[in-house]
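Undergrad: Encoded as structure tokens, here's the structure I'll be asking about.
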Amino acid sequence: MTAVAAAGAPLLSVERVVVRFGGVVAVGGVSFDVGRRQICGLIGPNGAGKTTLFNCISGIYKYNDGDIQFEGKSIHATPRHRMAGLGIGRTFQNVALFKTLSVRDNVLVGAHHLGRSGFVANALRLPFVRAEGRDAEARMRELLDLLDLTRVADTPAGGLPFGWQKRVELARALIGRPKLLLLDEPAGGLNHGEVDELEGLLHRIREHFDLSILLVEHHMNLVMRVSDKVVALEFGIKIADGTPDDVRNEPEVIRAYLGESDDAGAA
Amino acid sequence: MSGSNAAGTGALTAGRGAAVASVLGAAVAAAFLFSDYHLFQLTLVVVYAIAILGLTIVTGFNGQISLGHGAFYAIGAYTTAILMDRYDMPYWATLPFSAVVCAGVGFLIGLPALRLGGLYLALTTFALAVATPQVLKHKLIEDYTGGVQGIVISKPDPPFDLPIDADQWLYLFTLAVGCVMFLLAWNLLRGRIGRAMMAIRDHAVAAEAMGIDIAMLKTRTFAVSAMFTGIAGSLGAIAVQFVAPDSFSVFLSIFLFVGLVVGGVASIPGAIYGALFIQFVPNVADQLSKAAPGAVYGILLIAVLYLAPGGAAGFVRSMTRRLCRMVRPGG
Ligand SMILES: Nc1ncnc2c1ncn2[C@@H]1O[C@H](COP(=O)(O)OP(=O)(O)OP(=O)(O)O)[C@@H](O)[C@H]1O
Ligand SMILES: [Mg+2]
């Protein structure tokens, strides 16, 4: 691919994206960029359109207007199952694991798009299929180690506590070698100690895997500490975009969050 | 903890290997221990096991409900019968043709049916099963299918002057094909493709986000499933040496589905348990009550589902685990 041509461009650029559900405008013309190796926080009150925007970037929803470019190319016409191959990995706000599969198998599914073997090759278990499998398994074990999941490798994912399931989702996204990792509320449902660990983990992940992270999070302390830049949404409109300090002091943001009693205290 | 877990998995794998070897040994020995009639019954068990395995792949592992797999069984049976009858092809050579035909038909039916998904797929396949006997009787293809009369084919002789009789050979041949089919299924289901099938079953949106092309994978899974059941149909035709439209009524599809559920939907050995059930339980019911075998069958069916809600495979699994714990109380 044209890596050289794309080198100067941001990894992800969202340009005046509009998403409507019937009469509801969930995202009303939002623009921002995510650079390489950048951690970008996306904040906003409930219903601001964060998840909707996420689903557009990961190809699950089609946007109605504007454009999203990844490495300089529009993703509008890209089928959903090609997004992982482009280098966009994600986790889900409400956890979307394969419940009956073991943790090990859940993570291995994340490597699906890196494999090439088809039905016949698998049924015959040709040598290249085995090599492919060994490769994926080695990286799976590494990730289970990194995310402290080795003990539960054989446990069905649906039976794990919520916080553990979130880590399984993270492992499943990482094994696919994403260039951009989309995390939808990774701290949701975690306790204090776990949130602190998550902060360290996100930094380690960026160093180790050399990727960018787009992070949706209500937990203000975490977002402000971990992000290089923060984008704030309200009612589908961008109200702030800048360094964590800039955004924290932006009057519009303070107003939006003071309207909400619960999260404002955390900021 | 992780160490003892790994050791447990190792022991389980070894145990599974031993179990497969002994079942296989017993199955081969059966060829020399049983009468011709019982061997014929065992041949049909292998045939049904392959047919149910096809259903296991698509329904158990991929979550697509098919109530019409009897149609693919019929297509496989007729492909073999026609090739033997009209083109003098040796029985064994018809199997690859049957595989290609059934996979092709499965693919074509899967293509539009999968877009409907869920219950609509169940009904589409059911409609296929209902239509099958009538289509087979149709005048347009009567020349090939023999119409209502069907086709009689000859019984294969043992090759290479083997010192066994035709029934023994038929059983061993079917068993050998069965072993190959089970091995292929096992390879397929434990690798990248099998995991993708299960991922779609458990969470389609997440599966797609992991890069799985759902439409493609489901259609191909359906085709592979049709191929397995079709090959079973071919073997069934060779075993019975006769095909006729009324052998492939909608009940065949239902019985295969019963075998799938009784055996345990997402289990490879479950297909064997299910085949044993659909082959022998009707006989048992018949012996228990000549007057109302249907009622006895129904009661037996409900009893099995009540005693083993995860199917026979789930029951065997929990029993094995309990036994292991009794043998190694500390572990
Ligand atoms: N599939 C959908 N159909 C109709 N409306 C939707 C759909 N998804 C989201 N919406 C609406 O779009 C708006 C934005 O929702 P979205 O889930 O993107 O918010 P969010 O910022 O992720 O909120 P939260 O912080 O609660 O997760 C809301 O008004 C929501 O009701
Ligand atoms: Mg959300």
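Heads up: the protein sequence lines correspond to chains A and B, in order.
Once you know that position 170 of the first sequence is 170 in our numbering, the rest is easy, because the numbers rise by one and skip nothing.
Every position in the second sequence, counted from 1, becomes a number in our numbering once 1000 is added.
Cβ coordinates follow ideal geometry from the N, Cα and C atoms, glycine included.
For the 8 Å Cβ check, are there 3 or more pairs between the segment 178-195 of chain A and the segment 13-23 of chain A?
TA: Result no; under three Cβ-Cβ pairs closer than 8 Å.
Undergrad: Let me know the secondary structure DSSP gives K1155 (chain B) once reduced to three states.
TA: Reduced to three states, the DSSP call for K1155 (chain B) is coil.
Undergrad: With a threshold of 7 Å, establish whether the CB of T1174 (chain B) neighbours any heavy atom of ligand 2.
TA: Every heavy atom of ligand 2 is 7 Å or more from the Cβ of T1174 (chain B), so no.
Undergrad: Hey, would you say the C-beta of A232 (chain A) is under 7 Å away from at least one heavy atom of ligand 1?
TA: Every heavy atom of ligand 1 is 7 Å or more from the Cβ of A232 (chain A), so no.
Undergrad: Which residues of chain A have a Cβ atom closer than 7 Å to the Cβ of D1339 (chain B), listed in chain order?
TA: Nothing about residue 1339 (chain B) can be reported from this structure: the residues present for chain B run from 1001 to 1331 only.
Undergrad: Once DSSP output is grouped into helix, strand and coil, what is the label at Q1168 (chain B)?
TA: Three-state DSSP puts Q1168 (chain B) in a helix.
Undergrad: Which same chain residues end up closer than 6 Å to I1151 (chain B) when comparing Cβ atoms and leaving out the 5 residues on each side of it in sequence?
TA: Around I1151 (chain B): A1081, D1085, V1243.
Undergrad: Can you list, in chain order, the residues of the segment 1175-1204 of chain B whose Cβ is nearer than 7 Å to any Cβ on chain A?
TA: Within the segment 1175-1204 of chain B, the qualifying residues are L1184, N1187, L1188, G1191, R1192, I1193, R1195, A1196, M1198, A1199, D1202, H1203.
Undergrad: Between F21 (chain A) and ligand 1, is the CB less than 7 Å from at least one heavy atom?
TA: Yes, since a heavy atom of ligand 1 falls inside the 7 Å radius drawn around the Cβ of F21 (chain A).
Undergrad: State the Cα-Cα distance for the pair Q1279 (chain B) and G1263 (chain B), rounded to the nearest angstrom.
TA: Whole-angstrom Cα-Cα distance: 12 Å.
Undergrad: Counting only the same chain and skipping the five closest in sequence on each side, list residues whose C-beta sits under 6 Å from that of A1271 (chain B).
TA: Counting only Cβ-Cβ distances below 6 Å, and skipping sequence neighbours, we find A1049, I1052, L1053, T1056, G1263.
Undergrad: Would you please verify whether the beta carbon of D105 (chain A) is less than 8 Å from any beta carbon of chain B?
TA: Yes, because at least one Cβ of chain B sits closer than 8 Å to the Cβ of D105 (chain A).
Undergrad: In chain order, what residues place their C-beta within less than 7 Å of a heavy atom belonging to ligand 2?
TA: That query returns the following residues: A:K50, A:T51, A:Q93, A:D184, A:E185, A:V216.
Undergrad: I'd like to check one pair, G1068 (chain B) with F1126 (chain B): are the Cβ atoms closer than 8 Å?
TA: Yes, Cβ-Cβ distance for F1126 (chain B) and G1068 (chain B) is below 8 Å.
Undergrad: From the DSSP secondary-structure annotation, give me the bridge partner or partners of I88 (chain A).
TA: Answer is A:L180, bridged to I88 (chain A).
Undergrad: May I ask you to check if the CB of V24 (chain A) is nearer than 7 Å to at least one heavy atom of ligand 3?
TA: Ligands in the displayed structure: ligand 1 and ligand 2; ligand 3 is not one of them.
Undergrad: At the level of alpha carbons, what is the spacing between L160 (chain A) and G1104 (chain B)?
TA: Taking the straight line joining both Cα atoms gives about 42 Å.
Undergrad: Contact between the segment 64-84 of chain A and the segment 1188-1202 of chain B is defined here as three or more beta-carbon pairs at a separation below 8 Å; is this criterion met?
TA: No: the two stretches stay apart, fewer than three of their Cβ pairs being nearer than 8 Å.
Undergrad: According to the neighbour-count rule (16 or more other Cβ atoms, all chains shown, within 10 Å of its Cβ), is T1013 (chain B) buried or exposed?
TA: Label assigned to T1013 (chain B): exposed.
Undergrad: Between R204 (chain A) and I1268 (chain B), what straight-line distance do the alpha-carbon atoms span, to the nearest angstrom?
TA: The straight-line gap from Cα to Cα measures roughly 41 Å.
Undergrad: Output, in chain order, the set of chain B residues within a Cβ distance shorter than 7 Å of K99 (chain A).
TA: Residues of chain B passing the Cβ test: D1202.
Undergrad: Nearest to P1090 (chain B) by CA position, among B:S1234, B:V1327, B:V1020, B:A1021, is which residue?
TA: Cα-wise, what sits closest to P1090 (chain B) is B:S1234.
Undergrad: So, under 8 Å CB-CB, T1124 (chain B) and L1136 (chain B) are touching, yes? Tell me the CB distance rounded to an integer number of Å.
TA: Not confirmed; about 19 Å, so no contact.
Undergrad: With a threshold of 8 Å between beta carbons, is V1105 (chain B) in contact with chain A?
TA: Not one chain A Cβ lies under 8 Å of V1105 (chain B).
Undergrad: Listing by chain order, which chain B residues have their CB less than 8 Å from the CB of E132 (chain A)?
TA: In chain order: R1192.
Undergrad: Run through the segment 50-76 of chain A for me and flag every whole beta strand (DSSP E) of 3 or more residues, listed as ranges in chain order.
TA: Those beta strand (DSSP E) runs which fall completely within the segment 50-76 of chain A and span 3+ residues are 65-70.
Undergrad: Between A:W164, A:G28, A:I57, A:R90, which lies nearest to A1207 (chain B) when the distance is taken from Cα to Cα?
TA: When only C-alpha atoms are compared, the closest one is A:R90.
Undergrad: Which residue's Cα is closest to the Cα of L170 (chain A): A:R116, A:V95, A:A136, A:D228?
TA: The shortest C-alpha separation from L170 (chain A) is found at A:V95.
Undergrad: Is G29 (chain A) close to ligand 1? I mean its beta-carbon at under 7 Å from any heavy atom of the ligand.
TA: Checking the Cβ of G29 (chain A) against ligand 1 gives no.
Undergrad: Would you call the segment 246-253 of chain A in contact with the segment 52-72 of chain A, where contact means no fewer than 3 C-beta pairs closer than 8 Å?
TA: No: the two stretches stay apart, fewer than three of their Cβ pairs being nearer than 8 Å.
Undergrad: Run through DSSP, which three-state label would L198 (chain A) get?
TA: If DSSP states are grouped into helix, strand and coil, L198 (chain A) belongs with the helices.
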